[in-house]
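In our numbering, the protein residues as written are 579 to 710.
Right, dumping it as structure tokens:
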């Protein structure tokens, strides 16, 4: 153990003995750990920072909008109103979102990045599960 780690551990132990951690939010409750195992290692830190600051990458929000529009189109199709003006408008909007997503991925070089493609497929699956 390095000197800094040892010193930090000593300070933590001393603070615990002095009861300085008793009034912290979440005291006595289990930690809420985030499962980042599905996120490629090279993307974890940047996505975590963005999530903590409330930002979502545009490609992720576009994917979420596409999933929502796909669900609405499926509902139109199931109700027999897929060929109405509403169904056509949804289909058009979905096409525009997909085109923007493809353009964005190509601009950022993510359309050929294997780590991003694997992660994006998992995001898409998760969004579909959450919509159900």
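For glycine and all other residues, C-beta sits at the position ideal for the given N, C-alpha and C. In this text the structure is predicted, and so the values were computed from the model without any measurement.
Could you give the DSSP three-state label for residue i: helix, strand or coil?
i, result
"residue 631", "coil"
"residue 655", "helix"
"residue 650", "helix"
Taking its Cβ as the centre, do 16 or more other Cβ atoms sit within 10 Å of residue i, making it buried, or is it exposed?
i, result
"residue 706", "exposed"
"residue 675", "buried"
With respect to the alpha helix (DSSP H) encompassing residue i, which residues constitute its N-terminal and C-terminal limits?
i, result
"residue 668", "663-685"
If contact is defined by three or more beta carbon pairs under 8 Å, each pair taking one atom from either stretch, is the stretch 678-687 in contact with the stretch 636-656? Here the stretch 636-656 makes contact with the stretch 678-687; the two share three or more CB pairs at distances below 8 Å.
- With a cut-off of 8 Å, do at least 3 Cβ pairs link the stretch 656-667 to the stretch 579-595? no
Every unbroken alpha helix (DSSP H) within the stretch 580-648, with a cutoff of 4 residues, ordered by chain: 581-595 and 619-630
I'd like to know if the stretch 686-695 and the stretch 594-612 are in contact, where contact means that at least 3 CB-CB pairs between them fall below 8 Å.
no
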